[in-house]
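> Got a structure here, written out as structure tokens. Questions coming.
In my numbering, the protein residues as written are 1004 to 1166.
This is the structure in structure tokens:
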């Protein structure tokens, strides 16, 4: 690593550590940095307006960044405030057998997934609560009704850089 890059990286780390809300994480081999919001004391991450993540199992290694191919196991429920854990009607599950693969930030999935899977670590499990505007919106996507708030449990099982 050359000296100017090292100084820039150290300065950025000090600046970000000072604000206490986000940390910069460099992806191994990818050379890309992601700004990752930190979880609060309850393990909840406020990712964007209308998108929260609750980390239910910690992971390891590097963070997922734009362009990565992510392999995930997932279950989707319609969010229901009155249901246990907010888990209303189950809509879909990957079954824990063959992971579902997509490329991060390539428009292959709903925006809530692109934003919510970014910064995950391999082995990490998150519960994403996604507002309609970051999900299937006013139109829905059968069997998801219009304006549905979604609740996904996502486990990141593998991560590959695009190279």
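A virtual CB, placed ideally from N, CA and C, is assigned to each residue, including glycine.
As the structure is a computational prediction, the values presented were derived from the model and not from experiment.
Which same chain residues, not among the five before or five after residue 1128, have their C-beta less than 6 Å away from its C-beta?
Counting from 1 along the chain shown, the entry for residue 1128 is found at position 125. The answer, listed in chain order, is 1059, 1060, 1158.
> At which residue ranges does the region 1091–1162 contain complete beta strand (DSSP E) runs of 3 or more residues, listed in the order of the chain?
The region 1091–1162 contains these whole beta strand (DSSP E) runs: 1103–1106, 1128–1133.
> Let me check understanding here. Comparing Cα to Cα, which of 1162, 1156, 1164, 1141 lies closest to residue 1093?
As a first step, residue 1093 must be located in the chain shown, where it is residue number 90. Residue 1156 is the option with its Cα nearest to residue 1093.
> Report all residues from its chain with a CB closer than 8 Å to the CB of residue 1103; omit the five preceding and five following residues, and keep chain order.
Here residue 1103 is taken as the residue at index 100 of the chain shown, counted from 1. Same-chain partners within the cutoff: 1074, 1075, 1076, 1077, 1097.
> Starting from the Cα of residue 1152, find the closest Cα among 1079, 1062, 1105 and give me that residue.
As a first step, residue 1152 must be located in the chain shown, where it is residue number 149. The shortest Cα separation from residue 1152 among 1079, 1062, 1105 belongs to 1079.
> Under the assumption that residue 1113 contacts residue 1072 (Cβ atoms under 8 Å), give the Cβ distance between them as a whole number of angstroms.
Position 110 of the chain shown, counting from 1, holds the residue named residue 1113. Position 69 of the chain shown, counting from 1, holds the residue named residue 1072. Not confirmed; about 17 Å, so no contact.
> Please give me, in chain order, every unbroken run of the beta strand (DSSP E) with length at least 3 that falls completely inside the region 1066–1093.
1072–1082, all fully within the region 1066–1093.
> Roughly how many whole angstroms lie between the Cα atoms of residue 1039 and residue 1160?
Here residue 1039 refers to the residue found at position 36 when the chain shown is read from its first residue. Here residue 1160 refers to the residue found at position 157 when the chain shown is read from its first residue. Residue 1039 and residue 1160: Cα-Cα distance of roughly 19 Å.
> Can you check whether the CB of residue 1064 is closer than 8 Å to the CB of residue 1165?
Your numbering for residue 1165 matches position 162 in the chain shown. Your numbering for residue 1064 matches position 61 in the chain shown. In this structure, residue 1064 does not lie closer than 8 Å to residue 1165 by Cβ.
> Just grab the DSSP bridge partners of residue 1041 for me.
To locate residue 1041, count along the chain shown from 1; it is residue 38. According to DSSP, residue 1041 bridges with nothing at all.
> Rounded to whole angstroms, what is the Cα-Cα separation between residue 1141 and residue 1105?
Taking the chain shown and counting its residues from 1, the one referred to as residue 1141 is at position 138. Taking the chain shown and counting its residues from 1, the one referred to as residue 1105 is at position 102. Rounded to the nearest angstrom, the two C-alpha atoms are 24 Å apart.
> Going by beta-carbon coordinates alone, are residue 1124 and residue 1046 separated by less than 8 Å?
By 1-based counting over the chain shown, the position of residue 1124 is 121. By 1-based counting over the chain shown, the position of residue 1046 is 43. No, the pair does not count as a contact, with Cβ atoms beyond the cut-off.
> Is it buried or exposed, residue 1115, if we count other Cβ atoms within 10 angstroms and call 16 or more buried?
Position 112 of the chain shown, counted from the first residue, corresponds to residue 1115. Buried.
> Between which two residues does the beta strand (DSSP E) containing residue 1164 stretch?
As a first step, residue 1164 must be located in the chain shown, where it is residue number 161. Taken as a continuous stretch (DSSP letters only), residue 1164 belongs to no beta strand (DSSP E), as it is neither H nor E.
> Run the CB neighbour count on residue 1130, radius 10 Å, all protein chains shown included, and call it buried at 16 or more, exposed below.
The residue labelled residue 1130 in the question sits at position 127 within the chain shown. By the neighbour-count rule (16 or more Cβ atoms within 10 Å), residue 1130 is buried.
> Could you check how far apart the C-beta atoms of residue 1091 and residue 1081 are, in whole angstroms? I think they sit under 8 Å.
As a first step, residue 1091 must be located in the chain shown, where it is residue number 88. As a first step, residue 1081 must be located in the chain shown, where it is residue number 78. With 8 Å as the limit, residue 1091 and residue 1081 qualify as a contact, their Cβ atoms being about 4 Å apart.
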